[in-house]
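Undergrad: Here it is, the structure in full.
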Amino acid sequence: MYAVRPRPASSHHSFSNFPLLVLICISTILLFCARTSAAPFDLSNGDISQQVIIIDDDQQAPFIGTEPKANLESSENDQEPFPGDTSQFPWPRASKTLRTMLEALDVMQSDYFSLWQATWPTGIDWTKAVVNTHILSLLSLLSSTLGFTGDEPWSGCYDEAAMSTENLISYYFQQTSAFWHGENFFGIRLQAYDDMLWVVLEWLESIKFQNLHSELHFGRHPSSKLSPHHSWHGTQYRAPAAHRARVFYDLAVRGWDTQLCGGGMIWSPWLTPYKNAITNELFISASIAMYLYFPGDPIDSPIVESQLQENGFASPPRDPIHLDAAITAYKWLKNSNMTGANGLYADGFHIHGWTPNDPGTGKCDVLNAMVYTYNQGVILSGLRGLWLATGDRRYLEDGHDLVRNVIKATGWPAKSDHTWHGLGRAGVLEDACDSTGLCSQDGQTFKGIFFHHFAEFCRQLSPQEKRILSDPALHKSPSGNNTSEQERRNTFGWHQRTCASYSHWLEHNAYAASVTKNEKGLYGMWWGPKYPDGELNNSDNAVVLPHGAVDYSNSDPPINRASPDLALLQAKGNRTYFAKKVPSDIVGDQLRPITHEFQDTTASKLEGGDAGTGPNVAKAVKDVNDRGRGRTLETQSGALAVFKALYQWQTTPSLRR
Numbered sequence: 091m092y093a094v095r096p097r098p099a100s101s102h103h104s105f106s107n108f109p110l111l112v113l114i115c116i117s118t119i120l121l122f123c124a125r126t127s128a129a130p131f132d133l134s135n136g137d138i139s140q141q142v143i144i145i146d147d148d149q150q151a152p153f154i155g156t157e158p159k160a161n162l163e164s165s166e167n168d169q170e171p172f173p174g175d176t177s178q179f180p181w182p183r184a185s186k187t188l189r190t191m192l193e194a195l196d197v198m199q200s201d202y203f204s205l206w207q208a209t210w211p212t213g214i215d216w217t218k219a220v221v222n223t224h225i226l227s228l229l230s231l232l233s234s235t236l237g238f239t240g241d242e243p244w245s246g247c248y249d250e251a252a253m254s255t256e257n258l259i260s261y262y263f264q265q266t267s268a269f270w271h272g273e274n275f276f277g278i279r280l281q282a283y284d285d286m287l288w289v290v291l292e293w294l295e296s297i298k299f300q301n302l303h304s305e306l307h308f309g310r311h312p313s314s315k316l317s318p319h320h321s322w323h324g325t326q327y328r329a330p331a332a333h334r335a336r337v338f339y340d341l342a343v344r345g346w347d348t349q350l351c352g353g354g355m356i357w358s359p360w361l362t363p364y365k366n367a368i369t370n371e372l373f374i375s376a377s378i379a380m381y382l383y384f385p386g387d388p389i390d391s392p393i394v395e396s397q398l399q400e401n402g403f404a405s406p407p408r409d410p411i412h413l414d415a416a417i418t419a420y421k422w423l424k425n426s427n428m429t430g431a432n433g434l435y436a437d438g439f440h441i442h443g444w445t446p447n448d449p450g451t452g453k454c455d456v457l458n459a460m461v462y463t464y465n466q467g468v469i470l471s472g473l474r475g476l477w478l479a480t481g482d483r484r485y486l487e488d489g490h491d492l493v494r495n496v497i498k499a500t501g502w503p504a505k506s507d508h509t510w511h512g513l514g515r516a517g518v519l520e521d522a523c524d525s526t527g528l529c530s531q532d533g534q535t536f537k538g539i540f541f542h543h544f545a546e547f548c549r550q551l552s553p554q555e556k557r558i559l560s561d562p563a564l565h566k567s568p569s570g571n572n573t574s575e576q577e578r579r580n581t582f583g584w585h586q587r588t589c590a591s592y593s594h595w596l597e598h599n600a601y602a603a604s605v606t607k608n609e610k611g612l613y614g615m616w617w618g619p620k621y622p623d624g625e626l627n628n629s630d631n632a633v634v635l636p637h638g639a640v641d642y643s644n645s646d647p648p649i650n651r652a653s654p655d656l657a658l659l660q661a662k663g664n665r666t667y668f669a670k671k672v673p674s675d676i677v678g679d680q681l682r683p684i685t686h687e688f689q690d691t692t693a694s695k696l697e698g699g700d701a702g703t704g705p706n707v708a709k710a711v712k713d714v715n716d717r718g719r720g721r722t723l724e725t726q727s728g729a730l731a732v733f734k735a736l737y738q739w740q741t742t743p744s745l746r747r
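Here this note's numbering runs 90 ahead of the position in the sequence shown, where the first position is 1.
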């Protein structure tokens with residue numbers, strides 16, 4: 091009988107396994123080779139934590155970026171103020187971020203991935219696909235930064251780092267490839283269209299990595315006519331990855347519907363028609379990625395109807411159908427009025443009066459104005475791809491407009507402002523469920539998705555993409571105004587300079603995520619204030635949902651702006667965990683189950699201001715990220731995504747400021 095050996099508990103993550111030994115070698119070599127002092131900004135400081143001893147009296151805890159008040163009891167090392175000007179720090183701070191990123195990856199895979207099952211058992215189908223995508227993207231980043239210290243390829247320092255990194259890359263790539271067998275292939279075929287499209291992006295990401303790594307370090311692109319033995323060994327997985335991407339794309343495209351709203355993807359074939367942002371954004375990003383990166387599918391599938399064509403493919407590469415689908419879908423989305431006054435995408439549209447026997451108005455006229463972080467992210471990679479395929483700068487301009495709207499909605503640059511701004515506060519990205527600890531498994535995945543696609547939007551060009559950029563046959567703008575190669579290069583230079591302007595905000599969020607690490611190396615969902623504040627959700631700074639917003643993703647039953655349960659839910663998360671004076675039902679750092687009667691009594695006492703006046707009051711060690719689902723695979727992948735984005739900015743010359 092199989093058994094999975096649990097990780098031994100310890101105050102610090104064990105360094106005894108293979109990946110961590112490799113990452114120590116890499117980060118040490120890179121830092122030594124740079125011959126400069128380490129930066130004071132260190133994401134990997136294991137002593138920084140959100141966990142503190144709750145104090146009495148009325149001292150209010152500061153947000154990230156401010157000095158803690160005197161006499162606050164906290165962890166051994168108080169959080170350092172977030173640096174406002176990172177230009178003073180030397181470039182080798184990237185080696186610190188590298189170490190933090192790889193430690194987060196190691197903990198995620200060691201704690202959550204089961205090799206013999208070839209999956210992450212605690213994940214659900216779509217979040218597993220997202221996690222695998224994050225890892226594959228990280229491997230591409232590692233591959234493209236093998237020589238980022240600037241050492242000559244023949245130097246011993248470079249050789250040692252490159253060999254260690256190659257070993258590390260192969261180690262994790264084997265796990266991502268094993269998931270091809272562990273993925274719920276049959277079950278996802280019967281799920282919603284967005285579930286299918288996450289799978290498409292996942293395996294196209296694998297293909298992108300295989301092509302990049304082979305060409306950068308093994309001398310050839312796997313599509314060239316040379317012997318396959320001249321390419322990296324991992325490219326043998328291209329065909330099964332391409333097959334899975336093609337199968338699920340062909341299934342998902344059935345969700346495109348013109349009978350309602352004049353177009354747009356339906357979320358699910360099994361539910362009342364709902365044309366939502368995420369499914370349409372996924373369809374755009376998946377369609378353009380199929381056009382740019384899909385190598386063709388040589389497998390005649392027994393699962394879905396397909397037939398090999400004369401060129402040997404069931405589906406050929408660079409199919410203009412995919413490009414047309416992406417262009418058409420984005421045009422529909424942009425004209426759908428799915429964005430609010432703040433320029434952010436709402437969740438989606440219902441059709442007024444629709445029944446199985448009556449289309450109602452047939453129009454997208456009932457907007458669910460709920461705003462989620464991931465709805466602002468997925469479209470970004472699609473817009474980058476549309477520009478790459480057409481040369482039309484307006485796609486990138488739309489992307490930058492959206493990014494600026496997101497940053498503004500976090501309250502940036504006011505790093506000490508508790509006020510909810512629509513997608514965060516104090517400059518930190520936040521979903522509405524974060525502050526209460528009520529995020530579902532879906533909701534815990536959202537921020538990581540945003541940072542993945544944000545990084546993809548601003549990523550440097552790969553060798554394959556540089557060839558696309560110089561191929562005049564591929565650039566046919568929808569407006570008919572085709573651009574020259576030099577114009578496209580100038581546009582990309584502008585794009586990178588604009589992306590560089592986001593670096594301080596990104597670093598601020600990476601630091602906020604790093605503060606959530608506990609003694610086991612696990613990261614949490616709430617990236618907000620380090621010191622829990624019992625007044626976080628008072629009337630001045632509570633989350634305020636937009637008019638017409640219903641949060642289906644994180645509450646059951648769903649809540650909306652007018653729901654009488656909203657204020658209770660916002661208060662519940664903090665009263666249970668953050669009360670500065672708490673009854674003796676809290677023993678040490680363990681919270682006993684709270685009955686409804688006890689909860690109601692505690693709430694009324696807190697509202698009356700006399701809580702904790704009796705003898706049964708004790709201080710308690712509280713951790714903001716122990717609320718709700720706590721630290722999970724999804725929260726770990728979210729931290730990994732923002733660390734990966736920061737490392738990309740730090741190691742890309744055109745993104746550094």
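Positions of the beta carbon are idealized from the N, C-alpha and C atoms, including for glycine.
1) If you scan the region 353-398 from start to end, which runs of the beta strand (DSSP E) of 3 or more residues do you find wholly inside it?
2) Grouping DSSP H, G and I as helix and E and B as strand, with all else coil, what is residue 642?
3) In this structure, does DSSP put residue 234 in helix, strand or coil?
4) Could you tell me the distance, in whole angstroms, from the CA atom of residue 749 to the CA atom of residue 445?
5) Can you tell me the Cα-Cα spacing of residue 587 and residue 452, whole angstroms?
6) Please list the terminal residues of the continuous alpha helix (DSSP H) segment that includes residue 438.
7) Within the chosen definition, does the region 199-211 reach the region 507-524 through at least 3 CB pairs nearer than 8 Å?
8) Mind checking whether residue 467 and residue 544 have CB atoms under 8 Å apart?
9) I'd like to check one pair, residue 435 with residue 42: are the Cβ atoms closer than 8 Å?
10) Residue 412: buried (16+ other C-beta within 10 angstroms of its C-beta) or exposed?
11) Excluding the 5 residues preceding and the 5 following residue 266 in the sequence, name in chain order all residues of the same chain whose CB lies nearer than 8 Å to its CB.
12) Suppose the cutoff is 6 Å on Cβ atoms and the five residues either side in sequence are ignored; what does the same chain contact list for residue 760 look like?
13) What distance in whole Å lies between the Cβ atoms of residue 481 and residue 418, which are believed to be in contact at a cut-off of 8 Å?
14) Cutting at 6 Å between CB atoms, please list the residues of its own chain near residue 458, excluding the five before and the five after it.
15) Thinking C-beta only, is residue 330 closer than 8 Å to residue 270?
16) Please work out which residues of its chain come closer than 7 Å, Cβ to Cβ, to residue 463, disregarding the five sequence neighbours upstream and downstream, and give them in chain order.
17) Determine the extent of the beta strand (DSSP E) in which residue 456 is found, giving its start and end residues.
18) Can you check DSSP and say which residues form a bridge with residue 448?
19) Would you check if the distance between the CB atom of residue 489 and the CB atom of residue 473 is smaller than 8 Å?
20) Quick one: what does DSSP say residue 518 is sitting in, helix, strand or coil?
21) Are the beta-carbon atoms of residue 375 and residue 469 separated by less than 8 Å?
22) Does DSSP classify residue 463 as helix, strand or coil?
23) Buried or exposed: where does residue 637 fall if 16 or more other Cβ atoms within 10 Å of its Cβ makes it buried?
24) On a CA-only basis, which of 325, 346, 727 is nearest residue 542? Give me that one, please.
25) Classify residue 199: buried if its beta carbon has 16 or more other beta carbons within 10 angstroms, exposed otherwise.
26) Which stretch, first to last residue, makes up the alpha helix (DSSP H) that contains residue 196?
27) What number of angstroms, rounded off, separates the C-alpha of residue 251 from the C-alpha of residue 618?
28) Have a look at residue 257 and residue 363 and give me their C-alpha separation to the nearest angstrom.
29) Looking at C-alpha atoms only, which residue of 286, 333, 555 is the closest neighbour of residue 357?
30) Only counting the same chain, and skipping five residues up and downstream in sequence, which positions put a Cβ closer than 8 Å to that of residue 746?
31) So, is residue 361 buried or exposed, given that buried needs 16 or more other C-beta atoms within 10 angstroms?
32) With a threshold of 16 other CB atoms inside 10 Å of the CB of residue 577, please say whether the residue is buried or exposed.
33) What is the DSSP secondary structure of residue 346, reduced to helix, strand or coil?
34) Cα-Cα, which of 478, 420, 528, 483 is closest to residue 368?
35) For residue 106, which residues of its own chain have a beta-carbon under 6 Å away from its beta-carbon, when the five flanking residues on both sides are left out?
36) Which residue comes first and which comes last in the alpha helix (DSSP H) that contains residue 327?
TA: Looking at the coordinates:
1) None, since the region 353-398 contains no complete beta strand (DSSP E) of that length.
2) For the purposes of this step, residue 642 is taken as residue 552 along the sequence shown, with counting starting at 1. When DSSP states are grouped into helix, strand and coil, residue 642 belongs to the coil group.
3) The count along the sequence shown starts at 1 and reaches residue 234 at position 144. For residue 234, the secondary structure class from DSSP, reduced to helix, strand or coil, is helix.
4) Residue numbering for the chain in the displayed model covers 91 to 747; residue 749 lies beyond these limits and cannot be assessed.
5) Within the sequence shown, residue 587 is the residue found at index 497, counting from 1. Within the sequence shown, residue 452 is the residue found at index 362, counting from 1. Cα to Cα, the separation comes out at about 43 Å.
6) Here residue 438 corresponds to residue number 348 of the sequence shown, with the count starting at 1. Boundaries for residue 438: no alpha helix (DSSP H) harbours it, while the beta strand (DSSP E) harbouring it runs 438-441, taken from the DSSP string.
7) The count of Cβ pairs closer than 8 Å, one atom from the region 199-211 and one from the region 507-524, stays below three, leaving the stretches out of contact.
8) Numbered from its first residue, the sequence shown carries residue 467 at position 377. Numbered from its first residue, the sequence shown carries residue 544 at position 454. In this structure, residue 467 places its C-beta atom within 8 Å of the C-beta atom of residue 544.
9) Residue 42 lies beyond the residue range present for the chain, which begins at 91 and ends at 747; the question has no answer from this structure.
10) Residue mapping note: residue 412 aligns to position 322 of the sequence shown, counting from 1. Its Cβ being crowded by 16 or more others within 10 Å, residue 412 is buried.
11) Position 176 of the sequence shown, counted from the first residue, corresponds to residue 266. Taken in chain order, the residues that qualify are 222, 225, 226, 229, 296.
12) The chain is shown only over 91 to 747; residue 760 falls outside these bounds and no answer can be derived.
13) Translated into the one-based positions of the sequence shown, residue 418 becomes position 328. Translated into the one-based positions of the sequence shown, residue 481 becomes position 391. About 18 Å separates the two Cβ atoms, so there is no contact after all.
14) In the sequence shown, the residue the question calls residue 458 occupies position 368. Hits under 6 Å: 437, 438, 640.
15) Residue 270 sits at position 180 when you count from the first residue of the sequence shown. Residue 330 sits at position 240 when you count from the first residue of the sequence shown. Contact flag set, yes.
16) Counted from its first residue, the sequence shown places residue 463 at position 373. The residues 513, 519, 521, 536, 537, 540, in chain order, have a CB closer than 7 Å to that of residue 463 in the same chain once the five nearest residues on each side in sequence are set aside.
17) For the purposes of this step, residue 456 is identified with residue 366 of the sequence shown, where counting begins at 1. Its beta strand (DSSP E) spans residues 454-458.
18) Here residue 448 is taken as the residue at index 358 of the sequence shown, counted from 1. Answer is 445.
19) In the sequence shown, the residue the question calls residue 489 occupies position 399. In the sequence shown, the residue the question calls residue 473 occupies position 383. Contact check for residue 489 against residue 473 passes: the beta carbons are separated by less than 8 Å.
20) Within the sequence shown, the letter at position 428 stands for residue 518. Three-state result, residue 518: strand.
21) One-based indexing of the sequence shown puts residue 375 at position 285. One-based indexing of the sequence shown puts residue 469 at position 379. The beta carbons of residue 375 and residue 469 sit closer together than 8 Å.
22) The residue labelled residue 463 in the question sits at position 373 within the sequence shown. Residue state, collapsed to three classes: coil.
23) Position 547 of the sequence shown holds residue 637. It is exposed - the Cβ of residue 637 has fewer than 16 other Cβ atoms within 10 Å.
24) For this step, residue 542 is matched to residue 452 along the sequence shown. When 325, 346, 727 are compared, the shortest CA-CA separation from residue 542 is found for 727.
25) By one-based count along the sequence shown, residue 199 stands at place 109. It counts as buried.
26) Walking along the sequence shown from the start, residue 196 turns up at place 106. Per DSSP, residue 196 belongs to the alpha helix (DSSP H) from 183-202.
27) Along the sequence shown, read from residue 1 onward, the residue named residue 251 stands at position 161. Along the sequence shown, read from residue 1 onward, the residue named residue 618 stands at position 528. If you take the alpha carbons of residue 251 and residue 618, they lie about 36 Å apart.
28) For the purposes of this step, residue 257 is taken as the residue at position 167 of the sequence shown. For the purposes of this step, residue 363 is taken as the residue at position 273 of the sequence shown. Those two C-alpha atoms are separated by around 48 Å.
29) Numbered from its first residue, the sequence shown carries residue 357 at position 267. Closest by C-alpha distance to residue 357, out of 286, 333, 555, is 286.
30) Here residue 746 refers to the residue found at position 656 of the sequence shown. Hits under 8 Å: 181, 590, 593, 739, 740.
31) Numbered from 1 along the sequence shown, position 271 holds the residue referred to as residue 361. Here residue 361 is exposed, its C-beta having fewer than 16 other C-beta atoms within 10 Å.
32) Taking the sequence shown and counting its residues from 1, one reaches residue 577 at position 487. Of the other Cβ atoms in all chains shown, fewer than 16 fall within 10 Å of the Cβ of residue 577; this residue is therefore exposed.
33) For this step, residue 346 is matched to residue 256 along the sequence shown. In the structure shown, residue 346 sits in a strand (DSSP, three-state: E or B).
34) Within the sequence shown, residue 368 is the residue found at index 278, counting from 1. Check the Cα spacing between residue 368 and each of 478, 420, 528, 483: the tightest is with 420.
35) As a position in the sequence shown, residue 106 is number 16, starting the count at 1. Because the pLDDT at residue 106 is just 45, under 50, the model does not fix this residue reliably, and the value given afterwards should be weighed accordingly. Excluding residues within five positions, none has a Cβ falling inside 6 Å.
36) The residue labelled residue 327 in the question sits at position 237 within the sequence shown. Careful: residue 327 lies outside any alpha helix (DSSP H) and carries neither H nor E.
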